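Reading the sequence shown from the start, the letters are residues 4 to 256 in our numbering.
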Amino acid sequence: MKQVYIFIGFALLFSISAFAQTSTRMQPELQTTEFFDPTQAKQEEVYQFSTDWRFEGGYVQWDERTADTTKLYQHGLRVGATIDFNLPLHFSIQTGALATLTYGLNEQHWRSMSEENVQIETLNHHIVQLQITIPVRAYYTVKLWKELNMFFYAGPQLQIGLTNYDVLVNNTSSEVTDWLVQNNIPTTNHDCYVSKELYRTNIQFGLGGGFEWDRYRLQAGYDFGLNNLQRTVVLSKQRLNEWGWMCTFGYRL
4 MKQVYIFIGF ALLFSISAFA QTSTRMQPEL QTTEFFDPTQ AKQEEVYQFS
54 TDWRFEGGYV QWDERTADTT KLYQHGLRVG ATIDFNLPLH FSIQTGALAT
104 LTYGLNEQHW RSMSEENVQI ETLNHHIVQL QITIPVRAYY TVKLWKELNM
154 FFYAGPQLQI GLTNYDVLVN NTSSEVTDWL VQNNIPTTNH DCYVSKELYR
204 TNIQFGLGGG FEWDRYRLQA GYDFGLNNLQ RTVVLSKQRL NEWGWMCTFG
254 YRL
């Protein structure tokens, strides 16, 4: 009888040990179920308001378009400072103030008024333009690799003309020059804003993008002129819009 009790005791111990081992093996499987795994839950990004100041400079090219598709290209430099207001979901709003200095050459052709001479006479415009640009752009940033980001932007900008100085080289005959003067077309050096030929304010809408690495940013974009800049109309339905593209380099402070 004693042997029977000993046998029963060993059987109970073996059963308890086997059950404990089975429970231990099943526990990790319960923890790694694909329906709920608190240990693998992703932490949500915590948004904190911040601002980024940048110096920006680069190349710009303006394309002044008239109603008859005549174009004047101006090339120059842009330099200034911007500030970004960082928003949730990788968005930001940028504004600032940048100075733009450009130069362009426009050659106007006028038919000679002499009956013996039907050649084309020229009036050359050497234009130096200085503007202050105030952008208001919405940015969206995509993280690519480590500190390398790609971004896109869109938004309006306001350009305020400080000077648009026209250095004229008059190669026309006296008859053509008299006709130009009679029709209030300048034939001597002047500022197009002071003479009220052009409006000072230019509203544009821009699209662009670029790449950012650490503190450095390279971007390019195109701006579409929305309003008519022609203030004094010489010909009927005369319009002037200023479009252009830019490529700038920025450094975050």
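In this text, a Cβ means the ideal position worked out from N, Cα and C, and glycines have one as well.
Since we're looking at a predicted model, the values are computed, not measured.
- Between residue 136 and residue 97, the CB-CB gap reaches or exceeds 7 Å.
- Per DSSP, residue 197 lies in no alpha helix (DSSP H) segment and is marked neither H nor E.
- For residue 180, the enclosing alpha helix (DSSP H) stretches over residues 177-185.
- By the Cβ neighbour-count rule, residue 226 is buried, with 16 or more other Cβ atoms within 10 Å of its own.
- Out of 212, 109, 236, 228, the CA that lies nearest to the CA of residue 247 is found in 228.
- Linking residue 111 to residue 178 through their CA atoms gives a straight-line distance of about 16 Å.
- Apart from the 5 residues on each side of it in sequence, residue 151 sits with its Cβ closer than 6 Å to the Cβ of 216 in its chain, given in chain order.
- Note: residue 171 is bridge-paired with 128 in the DSSP secondary-structure output.
- Residues 134, 136, 205 of the same chain have their beta carbon placed closer than 6 Å to that of residue 162, with the five preceding and five following residues left out of the count.
- Annotation for residue 208: the continuous beta strand (DSSP E) segment containing it runs 204-216.
- When secondary structure is reduced to three states using DSSP, residue 188 falls in the coil class, being assigned neither helix nor strand.
- Residue 197 counts as exposed, since fewer than 16 other C-beta atoms from the protein chains shown sit within 10 angstroms of its C-beta.
- The three-state secondary structure of residue 146, taken from DSSP, is strand.
- Residue 185 has its alpha-carbon roughly 17 Å from the corresponding atom of residue 124.
- The Cβ atoms of residue 102 and residue 131 lie no closer than 7 Å to each other.
- Residue 66 and residue 233 have their alpha carbons spaced roughly 14 Å apart.
- With respect to the 7 Å criterion, residue 180 and residue 190 are classified as neighbours on the basis of their beta carbons.
- Residue environment for residue 138: buried (at least 16 other C-beta atoms within 10 angstroms of its C-beta).
- As DSSP reads the structure, residue 52 sits in no beta bridge.
- By the neighbour-count criterion, in which 16 or more other beta carbons inside 10 Å mark a residue as buried, residue 167 falls on the buried side.
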